[in-house]
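Novice: Heads up, the sequence shown is in the numbering used here, so the first residue is 12 and it goes up one at a time.
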Amino acid sequence: MRRVLALVLAGGRGTRLEPLTRDRAKPAVPFGGAYRIIDFTLSNCINSGLRRILVLTQYKAASLDRHINLGWRFLCRELDEFIDILPPQQRIDDHWYQGTADAVYQNIYTIEKTRPEYILILSGDHIYKM
């Protein structure tokens, strides 16, 4: 699975989940106590052998960033394993992501630096088992 890069889109506002998303992105909404919605996606990646993960954030990402930094830092960078958080770079244009394709496009430089053979694009705000 070293040839696969997982891109987790985690910038959603989640307007239908108001008031839970008033102060945080939808993937950062608490689920079952100590967990967050994004934990489903990240757990699915790890359990599937994916160890190269980029999390693209955008809307009110502070609590999401903190959760990932505190709870998901066990991978070994020396073995090319990582979960990195990418806030909007606005390298191409000065607007926020306009959808999935634009989020990938705006981060193409960072994606290319990881030299993936395959890219798996996942949603960070869905609850499922992969």
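For glycine and all other residues, C-beta sits at the position ideal for the given N, C-alpha and C.
Taking only runs of the beta strand (DSSP E) that begin and end inside the region 72-134, which ones reach a length of at least 3 residues, in chain order?
Specialist: Those beta strand (DSSP E) runs which fall completely within the region 72-134 and span 3+ residues are 93-97 and 129-134.
Novice: Considering only C-alpha positions, which residue in the set 85, 32, 30 and 21 is nearest to residue 134?
Specialist: Counted from its first residue, the sequence shown places residue 134 at position 123. That would be 21, whose Cα lies nearest to the Cα of residue 134.
Novice: Tell me, which residues are paired with residue 1 by DSSP?
Specialist: The question about residue 1 has no answer, for the chain in this structure spans 12 to 141.
Novice: Under 8 Å by Cβ, that's how I've got residue 36 and residue 23 pegged, so tell me the actual separation to the nearest angstrom.
Specialist: Taking the sequence shown and counting its residues from 1, one reaches residue 36 at position 25. Taking the sequence shown and counting its residues from 1, one reaches residue 23 at position 12. Correct: roughly 6 Å between the Cβ atoms.
Novice: Count the other C-beta atoms from every protein chain shown that fall within 10 angstroms of the C-beta of residue 42, then say buried if there are 16 or more, exposed otherwise.
Specialist: Within the sequence shown, the letter at position 31 stands for residue 42. Exposed is the call here.
Novice: Compute the distance between the beta-carbons of residue 76 and residue 96, then report whether it is under 8 Å.
Specialist: The residue you call residue 76 lines up with position 65 of the sequence shown. The residue you call residue 96 lines up with position 85 of the sequence shown. Their beta carbons are under 8 Å apart, which means residue 76 touches residue 96 by this criterion.
Novice: So what does DSSP say about residue 61, is it helix, strand or coil?
Specialist: Sequence index remark: in the sequence shown, residue 61 carries index 50 (1-based). Three-state result, residue 61: coil.
Novice: Can you say whether residue 60 is buried or exposed, counting buried as having 16 or more other CB atoms within 10 angstroms of its CB?
Specialist: Position 49 of the sequence shown, counted from the first residue, corresponds to residue 60. When all chains shown are included, residue 60 counts as exposed.
Novice: Is it buried or exposed, residue 120, if we count other Cβ atoms within 10 angstroms and call 16 or more buried?
Specialist: Residue 120 sits at position 109 when you count from the first residue of the sequence shown. Flag for residue 120 reads exposed.
Novice: Check residue 53 in the structure and name its three-state DSSP category.
Specialist: Here the question's residue 53 lines up with position 42 in the sequence shown. DSSP places residue 53 in helix when its eight states are reduced to three.
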